[in-house]
Each structure stands twice: as structure tokens, then as C-alpha cells.
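Beneath this line is the structure, given in C-alpha cells, with notes to follow.
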Amino acid sequence: MAIDMWSLGCILSELLTGMPLFPGEDESDQLSCIIEIIGMPSQKLLDSSKRARNFVSSKGHPRYCTLTTLPDGTTTLQGSRSKRGKHRGPPATKDWSQALKNCDDPSFIDFLKRCLEWDPTLRMTPPQALRHSWLRRRLPKPPAEPAPTNRPSAVLRHHHHHIIPAHQQQTSNGQTSVAGRTNSGSGVNGGGTYTSHHHLYHTTNNTLSKAFPSTTELNRHQKLPHIGQPLNAILD
Numbered sequence: 001m002a003i004d005m006w007s008l009g010c011i012l013s014e015l016l017t018g019m020p021l022f023p024g025e026d027e028s029d030q031l032s033c034i035i036e037i038i039g040m041p042s043q044k045l046l047d048s049s050k051r052a053r054n055f056v057s058s059k060g061h062p063r064y065c066t067l068t069t070l071p072d073g074t075t076t077l078q079g080s081r082s083k084r085g086k087h088r089g090p091p092a093t094k095d096w097s098q099a100l101k102n103c104d105d106p107s108f109i110d111f112l113k114r115c116l117e118w119d120p121t122l123r124m125t126p127p128q129a130l131r132h133s134w135l136r137r138r139l140p141k142p143p144a145e146p147a148p149t150n151r152p153s154a155v156l157r158h159h160h161h162h163i164i165p166a167h168q169q170q171t172s173n174g175q176t177s178v179a180g181r182t183n184s185g186s187g188v189n190g191g192g193t194y195t196s197h198h199h200l201y202h203t204t205n206n207t208l209s210k211a212f213p214s215t216t217e218l219n220r221h222q223k224l225p226h227i228g229q230p231l232n233a234i235l236d
């Protein structure tokens, strides 16, 4: 299953603030909200877009902005207002902390920035997201592995009891022996060499499951939230 990383970033932001990160009123205003925070798409993306001229001027600035030349010859880019009177600033002029209602977690902001890359080839993938510091510090810690133990077989009793395995043999004097050891409690049988043939149970460690199952690579036709159509459908 493909993971829409763009939408993931928008959803996480909305869970934090209770408001959409890009509250566009229409298609054009949607891009204005995105550009105001993220900045302009790369020239490579603009060149590959069939509809870029509808939203970006020939001078390279977004059409919702106005280019003003000052008396000293310098130029400034000024934002505008939406149809409902909402201010839309020039590219990348809205601070991430401001957009996230004064969020001061740099790790979370970095996570969102990497989800919300214009270029899908540069966008964070699900495996990379699982390794990101913001998410890793919130993952549950795996249970500690049990220490290996050498627990004796059930036939081993208290230290003063004798070993009576299934393969015990009867001696001529009525005593039982286990590979040279007698059951009379006298220790080693008449000069024989003591050899134990019992086996201890071996304990094995449980394999820890992964915190999350592996996911497929992202679907590059990512959808913009709140307008219900692919990002490239706006620009293409």
C-alpha cells in the first residue's frame, strides 16, 4: 500500500492545531497558502508544468503577489488578500512556528518540512519517516530480552536427591547405576569413571517483532488535502 506523505504531513499538522495547514479557498488560493509557507517550487518543476503560467508570472514570482519598484531602484514582492480578505504573504514569509500555532518543537517541524517537499523525489519516504528522530522518540520501546538460563531437566531434584533417568540399569547387587554412579548414595561405583548422560533443557530467546511492518514506496501522485485533486493536476 502506497503512503501519501504529503497528506500525512497535513494531517499531523491539523491534529496539532485543529486547523488546516493550507486553508485555501479555491485552487489558486490553495497554492498561495502553500507558497506562503514552503516557498516556490523549483524551476525544474515549473518548467515541467503545463499550467505553471496560470499561477507564476514570466518574471518568476507567483501571480498573487505584486512586484513593486522602490525609488532607489530596489524591487519588493508584496502579498495580497484572498477573496475572503485573508492575507497571503510572499513566498516563504510565513514562519513554520507561526503556521503551527507557536509550535516550538524543531524535530516535529523538520518532520513536516520533509513530508511537504514540492518535489516528490525529495519527499521523505515511509522508511525514512520511521527513522526520523521525532517519530523514534515516540515509538514504544521493545521489551527486554530475557536473560538466557540453563534450567536443569525435570529429573534433577534437590541436591541430596539422586538422578534417576529413564535409561537406568540394575546391577547384580540390586543397586541402580547411571553410567558408573550408584543409587546407594556412596558416590562413584567401584573405580568406575562418572559420566553424566542427562541433558539440560535449552531456552531460546523470543524474536522481537518489528515496531511497524515494512511499507511500500510513496505514491508520487500525491493528493493535496482539502481540494481533492492531485498536486500535479493543478500545475500540469
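Numbering (UniProt numbering), first residue to last: 1 to 236.
Backbone N, C-alpha and C fix where the C-beta goes; we use that ideal spot for every residue, glycine too.
Three-state secondary structure assigned by DSSP to residue i
{"i": "Ser-80", "result": "strand"}
{"i": "Thr-66", "result": "strand"}
{"i": "Arg-53", "result": "helix"}
{"i": "Lys-141", "result": "coil"}
{"i": "Lys-59", "result": "coil"}
{"i": "Ile-37", "result": "helix"}
{"i": "Ala-32", "result": "Sequence check: residue 32 is Ser here, not Ala. Helix, per DSSP."}
{"i": "Met-19", "result": "coil"}
{"i": "Asp-47", "result": "helix"}
{"i": "Ile-11", "result": "helix"}
{"i": "Asp-4", "result": "coil"}
{"i": "Glu-25", "result": "coil"}
Outcome for residue i when other beta-carbon atoms lying within 10 angstroms are tallied against a minimum of 16
{"i": "Ala-99", "result": "buried"}
{"i": "His-160", "result": "Unreliable positioning characterises His-160 in this predicted model, as indicated by a pLDDT of 48, which lies under 50. The coordinate reading is nonetheless provided below. Flag for His-160 reads exposed."}
{"i": "Leu-31", "result": "buried"}
{"i": "Pro-71", "result": "exposed"}
{"i": "Gly-18", "result": "exposed"}
{"i": "Lys-94", "result": "buried"}
{"i": "Arg-123", "result": "buried"}
{"i": "Pro-143", "result": "exposed"}
{"i": "Ala-2", "result": "exposed"}
{"i": "Pro-106", "result": "exposed"}
{"i": "Ser-13", "result": "buried"}
{"i": "Leu-8", "result": "buried"}
{"i": "Asp-4", "result": "buried"}
{"i": "Pro-91", "result": "buried"}
8 Å Cβ cutoff met for residue i and residue j
{"i": "Glu-36", "j": "Gly-89", "result": "yes"}
{"i": "Pro-62", "j": "Trp-118", "result": "no"}
{"i": "Arg-81", "j": "Glu-25", "result": "no"}
{"i": "Ile-38", "j": "Leu-116", "result": "yes"}
{"i": "Leu-77", "j": "Cys-65", "result": "yes"}
{"i": "Leu-21", "j": "Cys-103", "result": "no"}
{"i": "Leu-67", "j": "Thr-74", "result": "no"}
Presumed contact (8 Å Cβ cut-off) between residue i and residue j, rounded CB distance
{"i": "Phe-111", "j": "Leu-130", "result": "Contact flag wrong, Cβ pair sits at about 11 Å."}
Just list the beta strand (DSSP E) runs in the segment 67 to 135, keeping only unbroken ones of 3 residues or longer that don't cross its boundaries, in chain order.
75 to 78
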